[in-house]
Every structure is written in C-alpha cells, then in structure tokens.
Amino acid sequence: MSLRAETPAPPGTRVHRFTRAERWVHRGTAALMGVCVVTAAFLYIPQLAVMVGRRELVVRIHEWAGVALPVPVLLGLASRAFRGDLRFLNRFGPHDRVWLRAALRRDKRHASRPAGKFNAGQKIYAAWIAGASLVMLGTGLLMWFTHLTPLVWRTSATFVHDWLSLTIGVVLAGHIGMALGDPEARQGLRTGTVTEEWAHREHPLWRP
Amino acid sequence: MREKGLRKSDRRAESLALCGPECSNDHVNSEQPEERDGRPVGRRVFLGTLGLGVLGVLAAPTLQRGLEGFLGGVAGKDPTGLTGLLPNGGGFRYYSVAASVPHRTAADYRLTVDGLVDHPRGYSLAELRSLPQTRLVRDVQCVTGWRVPGTPFEGVRLSELLDAAGVRSSAEAVRFTCFDGTYTESLTLEQARRPDVLVALRLQDKDIGHDHGGPVRLYVAPMYFYKSAKWLSGITVTDRVKPGYWEDRGYDVDAWVGRSNGRSDEPTS
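In the order they appear, the protein sequences are chains A and B. Adding 23 to a residue's 1-based position in the first sequence gives its number in my numbering. Adding 1287 to a residue's 1-based position in the second sequence gives its number in my numbering.
Here it is, written out as structure tokens:
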C-alpha cells in the first residue's frame, strides 16, 4: 500500500496518471474550446474582424463548436477512470483547505501544498470552467434561437455571454500559462505517465 | 464550528511543514478515505457558477445600464483605446458579412442611381462632395446592443439625389447595394426622403475610412445601424420594398430605434 514511500523507486521511474480516455477527453475539450476562443476573437476584436470578415461563417463555426463543447466530457463518462477523476475533482478534504490557504499566502513550498491526484486549484478550476461553459452554452443558445424567447432575453444573454467570455479568456490564459510552466504535467496529459519524483513532489497524497 | 475547522487545518499545515515529504506516507494512508468522504465542494462551485450565470441574465438590464454609463465615461478619456475592446465599452464594432471588401478611392469610386427614375446617372466622389452637405450629430445604436453617443455624420441628403434623378410615380421604395458584393438594404420612399437620411461622406469629421464603410456609406439616423449600409455603390428606385441582407435573416425591415426588433432603446433621431 505504501510501497512507494518505503522503498524509494529509482529516479526516472514513471507512474501511470491518465488513461487514453482521460487524455482524449482533455484533448477534445481543449480543441473545441480553442475553436470557440479563436472564432470569438474574430467576431469581437475589431482588428481581427477586419482581417477575417465572413461573419456568417465564423458565427456558424463558433456556435457548433460551443454546442459540441460538453460532448467529450459526456463521452468520457463511459470510462471508469474518468468517472474516478470527476469524483476526485468533486471531493475536497482538509488538505485542500491547507493548499488554498497556502496559495492565498503565495506560499510556494511543496510542504505547504498537500494535494491528492488533483490539487485544490485544479479542482476549483475544473468545477468553475464546467459551470461557466454551460452558462456560455445557455446564453449562446438564447442568442442563437432568438424566436424561442422574448427579445429582451437576447440582450441580457449577450451581456452575460460578453463579460463571461472575457473572464473565461483570462482564467484560460492562467490555466495554459501554468501548464506551460510545468512540462511534466503536460507530459502526463500527452503520454499518460509522469515521473515518480514529480508525482511525489506535486501530488504527495496521490496514490497512483 | 468554522473556527474549529480552521484551527484543525492550521495544525495540519504546521505538521506538514515540519514533517516534509519524506514522511508524507502518513498522509498517503489517510488519502483514500479523504477523497471518498471529503465534502462535495466541486459540485457546489459548479452549481454556484451556473446560478450566478442565471442571476446575471436576470440582472443584466440593470447591470448593463450601469456599466455602459461608467465605461462610456472612461472610454472618452482612454488614450490606449483598450476600453474599446471591452463589451459595451463604447466605440464602433466592425461587422462585415463578406470575405473581403475591395478598397475604393476617389479615383475609382462610383455611385449609381437608377431604377424607376427619369434620369439615371452615376456620381464620382468629387461630384458627391460638390453637392450641398448636411451634418447630423446623433447617437448610433446597433441592434446587438452597443451605442455610440453623439456621432457626427456628414453628407448629401438622399432626398436630394432622388429629386435630381426624378422618381417616377409608380415608385414605392429604394434599394441599396454595396461594393462588398453581398450586403443590401431597403427603405420605403417615404423613409428615404426623410431629412435625417444621408449618403454620408464624413464620419466624426473625417472622411469615412474603409473599415467604417468608406468612402461612401448610407446613414439612416432614426434606425438601427444595420440599415446604414457600408460601402454604398448603388441606389435603385423600385416598386416595392425588398428585404435586405439581415432582414432576410430575421431583422425588421422598418428598423426604428426603440420601436422594432423587440428592443426598447432610446430613439436616436
């Protein structure tokens, strides 16, 4: 059970972190989110809109990518490993509170950042981006099928969609920025395995 | 209860800090039940975000008025132009339905007036500039919500061009075509003859640039801005109103600001 701690593995030993299903859920979601963000930029930022034009087509791509955004996660529910991840992401133990308090104090020492398979920041990010994506989907559908609802709803939906998109843009940039700063975490999502040393350092409470 | 929880986690942080990773084995053993019996905070964050979204939609009219007022004020004093990128941050947004729009200059621009008229003719940019100019300062209101306050447009009254062409008695409407090759618009003859409908040559006291629909665009002051067709190249007098590009896609043909498209904006003219 606690084999890892008792007999330190030789350096470079890799431990299993994500199955193929988990990796494809992330890849699919990332690709669709990427399409949403790029097409949104073409629609919103005047300089880019001037370059691209074709408003009708860009809107169509944006709408369909948005509607498809939850699909990888829904397909992923067929995987036991992915369902396990959702459980880990949902449940917060006392160590997550410790992690969050350290994060608020900008205390970067590993010892003050206890984490299971996912750290508290990853858990909150996952829950928030899931909720925010569904709000974007809902408001997006109100803007798309305007005849289904009173027209004042369209204006309200546009308002929420606009401001939340900006928020998501900032948070997503943080997510990508942190991934860029941690090659081993990216390796984990690319190949499914991480080094024993990394797992021990970043996720000391995780039992692979 | 809460206090107690905090103290407990404090102790834990302390022990972890003192202990270091070499004895994290201790926590590894307690890990599994924690993940299983931990509190479903993730679900609460998820549902909370959804709830805030719904609340945001319900509160949007109030929030939007407040923000527009605030950002409109800031945008006026913002030399970086960054506020223009914020939603409802003031300023125009560029919408083009065509893939690319050719550039026209004074050398090759031409506006034709034809259809049910006695004297069809074309105008060069110089000829349009030599006609009497009218300057109007009104708010611009887009049907998607953004509004640009007090925007000067200057150009030739459309009624003047129609009178010069001699509109026949069978005519009922005017159709506009654009050199982007795609966009079209229409007005009834009565609407087209209003004094606040211009063939605009200048915007914000500058010649209209390409991105804003230059060198010549339509300006229909009392209507939502999609009526003010950019890159205007043709005026055709017809016997009935033919819906334009966006009107084929669900927008109102009679697009009075505040009295159409289900919106209740302050009228602009």
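Glycine is no exception: its CB is placed at the ideal position from the N, C-alpha and C atoms. Note that the coordinates shown come from a computational prediction; the quantities given were computed from them, not determined experimentally.
Problem set entry | Inter-residue spacing [alpha-carbon to alpha-carbon] between R83 of chain A and W1543 of chain B | Within the first sequence, numbered from 1, the residue matching residue 83 of chain A stands at position 60. Within the second sequence, numbered from 1, the residue matching residue 1543 of chain B stands at position 256. Between R83 of chain A and W1543 of chain B, the C-alpha separation is close to 28 Å.
Exercise. If R177 of chain A sits next to M159 of chain A, beta carbons under 8 Å apart, how far is it from one beta carbon to the other, in whole angstroms?
Worked result: In the first sequence, counting from the first residue as 1, residue 177 of chain A sits at position 154. In the first sequence, counting from the first residue as 1, residue 159 of chain A sits at position 136. That belief does not hold up - the Cβ atoms of R177 of chain A and M159 of chain A are roughly 15 Å apart, past 8 Å.
Problem set entry | Whether A1508 of chain B touches V1528 of chain B by CB criterion (8 Å) | Numbered from its first residue, the second sequence carries residue 1508 of chain B at position 221. Numbered from its first residue, the second sequence carries residue 1528 of chain B at position 241. No, the Cβ-Cβ distance between A1508 of chain B and V1528 of chain B is not below 8 Å.
Exercise. Residues in the region 89 to 116 of chain A with C-beta within 9 Å of chain B's C-beta atoms, listed in sequence order?
Worked result: From the region 89 to 116 of chain A, only L109, R110, F111, L112, N113, R114, F115 and G116 have a Cβ closer than 9 Å to chain B.
For this session: Note the first and the last residue of the continuous beta strand (DSSP E) segment covering T1399 of chain B.
Result: The residue given as residue 1399 of chain B occupies position 112 in the second sequence. Secondary structure note for T1399 of chain B: its beta strand (DSSP E) is the uninterrupted segment L1398 to G1402.
Exercise. Does V158 of chain A have its Cβ less than 8 Å from a Cβ in chain B?
Worked result: Here residue 158 of chain A is taken as the residue at index 135 of the first sequence, counted from 1. For V158 of chain A, at least one C-beta of chain B is nearer than 8 Å to its own C-beta.
Exercise. Hey, is L1337 of chain B's beta-carbon within less than 8 Å of any beta-carbon in chain A?
Worked result: If you number the second sequence from 1, residue 1337 of chain B lands on position 50. Yes, L1337 of chain B lies at the interface with chain A (some Cβ there is under 8 Å from its Cβ).
For this session: Taking T62 of chain A as the query, report the chain B residues whose CB atoms sit under 7 Å from its CB, ordered along the chain.
Result: On the first sequence, position 39 is the one that residue 62 of chain A refers to. Against chain B, the beta carbon of T62 of chain A has no neighbour under 7 Å; the closest one sits roughly 14 Å away.
Problem set entry | Nearest-angstrom Cα separation, counted from S179 of chain A out to L212 of chain A | Locating residue 212 of chain A in the first sequence gives position 189, counting from the first residue. Locating residue 179 of chain A in the first sequence gives position 156, counting from the first residue. L212 of chain A and S179 of chain A have their C-alpha atoms some 38 Å from each other.
Problem set entry | Candidates B:D1498, B:L1337 and B:G1545: closest to L5 of chain A by CA position | Past the boundaries of the shown model lies residue 5 of chain A; chain A is included only from 24 to 231, so the question cannot be answered.
Exercise. Shortest alpha-carbon distance to D1541 of chain B belongs to which of B:G1340, B:T1431, B:A1460 and B:R1434?
Worked result: Taking the second sequence and counting its residues from 1, one reaches residue 1541 of chain B at position 254. When each option's Cα is compared against that of D1541 of chain B, the closest is B:A1460.
Exercise. At which residue ranges does the region 1448 to 1523 of chain B contain complete alpha helix (DSSP H) runs of 4 or more residues, listed in the order of the chain?
Worked result: If one requires a minimum length of 4 residues, the alpha helix (DSSP H) runs lying completely within the region 1448 to 1523 of chain B are 1476 to 1479, in chain order.
For this session: Under 7 Å Cβ to Cβ from D1539 of chain B, same chain only, skipping five residues before and after it: list those, please.
Result: Along the second sequence, read from residue 1 onward, the residue named residue 1539 of chain B stands at position 252. So the list reads S1547 and N1548, once near-sequence residues are dropped.
For this session: Name, in chain order, the residues that DSSP records as bridge partners for G1409 of chain B.
Result: Looking up residue 1409 of chain B in the second sequence gives position 122. B:T1399, per the DSSP bridge assignment.
Exercise. Taking the continuous alpha helix (DSSP H) assigned at E207 of chain A, which residues delimit it?
Worked result: Position 184 of the first sequence, counted from the first residue, corresponds to residue 207 of chain A. For E207 of chain A, the enclosing alpha helix (DSSP H) starts and ends at P206 to T214.
For this session: Label G163 of chain A either buried or exposed according to how many other C-beta atoms from any shown protein chain fall within 10 Å of its C-beta, with 16 as the threshold for buried.
Result: Position 140 of the first sequence, counted from the first residue, corresponds to residue 163 of chain A. It counts as buried.
Exercise. If you draw a straight line from the alpha carbon of V58 of chain A to that of V1503 of chain B, how long is it in whole angstroms?
Worked result: On the first sequence, position 35 is the one that residue 58 of chain A refers to. On the second sequence, position 216 is the one that residue 1503 of chain B refers to. Here the C-alpha atom of V58 of chain A lies approximately 35 Å from the C-alpha atom of V1503 of chain B.
Problem set entry | Amino acids of chain B, ordered along the chain, whose beta-carbon sits closer than 9 Å to that of I147 of chain A | As a first step, residue 147 of chain A is located in the first sequence; it is residue number 124 there, counting from the start. What I147 of chain A touches in chain B: V1328, G1329 and V1332.
Exercise. With DSSP run on the structure shown, which of helix, strand or coil describes T1392 of chain B?
Worked result: The sequence position of residue 1392 of chain B within the second sequence is 105, counting from 1. Reduced to three states, the DSSP call for T1392 of chain B is coil.
Exercise. Can you find a CB in chain A that lies within less than 8 Å of the CB of Q1420 of chain B?
Worked result: Within the second sequence, numbered from 1, the residue matching residue 1420 of chain B stands at position 133. The beta carbon of Q1420 of chain B does not come within 8 Å of any beta carbon belonging to chain A, so the residue lies off that interface.
Exercise. What are the partner residues of R1546 of chain B, as DSSP defines its beta bridges?
Worked result: In the second sequence, the residue the question calls residue 1546 of chain B occupies position 259. Answer is none; R1546 of chain B lacks a bridge partner.
For this session: Would you tell me roughly how many angstroms separate the C-alpha atoms of L1303 of chain B and R132 of chain A, rounded to the nearest one?
Result: Taking the first residue of the second sequence as 1, we reach residue 1303 of chain B at position 16. Taking the first residue of the first sequence as 1, we reach residue 132 of chain A at position 109. Confidence in L1303 of chain B is poor, its pLDDT being 42 and thus under 50, which makes the residue's placement unreliable; the coordinate value appears in the next sentence. When rounded, the distance between both Cα atoms is 11 Å.
Exercise. Can you name, in chain order, every residue of its own chain whose Cβ lies under 7 Å from the Cβ of Q1428 of chain B, other than the five neighbours on each side?
Worked result: Stepping through the second sequence from its first residue, residue 1428 of chain B is reached at position 141. Cβ neighbours of Q1428 of chain B within its own chain (closer than 7 Å, five residues either side excluded): R1434, Y1511, F1512, V1544, D1552 and T1555.
Exercise. In whole angstroms, what is the alpha-carbon distance linking G1325 of chain B and R114 of chain A?
Worked result: Residue 1325 of chain B sits at position 38 when you count from the first residue of the second sequence. Residue 114 of chain A sits at position 91 when you count from the first residue of the first sequence. Roughly 5 Å between the two C-alpha positions.
Exercise. Should G197 of chain A be flagged as near chain B, meaning a C-beta pair shorter than 8 Å?
Worked result: Taking the first sequence and counting its residues from 1, one reaches residue 197 of chain A at position 174. Judged by the 8 Å Cβ criterion, G197 of chain A is not in contact with chain B.
For this session: Please list, in chain order, all residues of the same chain as P206 of chain A whose beta carbon is under 6 Å from its beta carbon, the five residues on each side excluded.
Result: As a working note, residue 206 of chain A is residue 183 in the first sequence. Nothing meets the Cβ criterion.
Exercise. Once you ignore the five residues that flank T1475 of chain B on each side, which residues in its own chain have a CB closer than 7 Å to its CB?
Worked result: If you number the second sequence from 1, residue 1475 of chain B lands on position 188. Excluding sequence neighbours, T1475 of chain B sits near E1459, A1460 and V1528.
Exercise. Got a sec: which bits of the region 1487 to 1513 of chain B sit with their beta carbon under 8 Å from any beta carbon on chain A, in order along the chain?
Worked result: Residues D1498.
For this session: Name, please, each residue of chain A whose Cβ falls closer than 8 Å to the Cβ of V1388 of chain B.
Result: Position 101 of the second sequence, counting from 1, holds the residue named residue 1388 of chain B. In chain order: G76.
For this session: Please compile the residues from chain B whose C-beta is within a distance smaller than 7 Å of the C-beta of W151 of chain A.
Result: Here residue 151 of chain A refers to the residue found at position 128 when the first sequence is read from its first residue. Chain order gives the chain B residues near W151 of chain A as V1332 and T1336, where near means a beta carbon separation below 7 Å.
Exercise. Should R224 of chain A go down as buried or exposed, given a rule of 16 or more other Cβ atoms within 10 Å for buried?
Worked result: Here residue 224 of chain A refers to the residue found at position 201 of the first sequence. Burial call: exposed.
Exercise. Does DSSP put D108 of chain A in a helix, a strand or coil?
Worked result: Position 85 of the first sequence, counted from the first residue, corresponds to residue 108 of chain A. It is helical.
Exercise. T1431 of chain B versus chain A: which residues are under 8 Å apart at the beta carbon?
Worked result: Counted from its first residue, the second sequence places residue 1431 of chain B at position 144. What T1431 of chain B touches in chain A: T181.
Exercise. Which one of A:W122, A:V60 and A:V217 has the shortest CA to CA distance from H85 of chain A?
Worked result: Taking the first sequence and counting its residues from 1, the one referred to as residue 85 of chain A is at position 62. A:V60 is the residue among A:W122, A:V60 and A:V217 whose C-alpha sits nearest the C-alpha of H85 of chain A.
For this session: Give the residues of chain A in contact with V1344 of chain B, contact being defined as C-beta atoms less than 9 Å apart.
Result: The count along the second sequence starts at 1 and reaches residue 1344 of chain B at position 57. Simply V158, G161, T162, L165, W176, S179, A180, F182 and V183.
Exercise. Is there a Cβ from chain B that is less than 8 Å from the Cβ of A155 of chain A?
Worked result: Numbered from its first residue, the first sequence carries residue 155 of chain A at position 132. Between A155 of chain A and chain B, the shortest Cβ-Cβ separation is below 8 Å.
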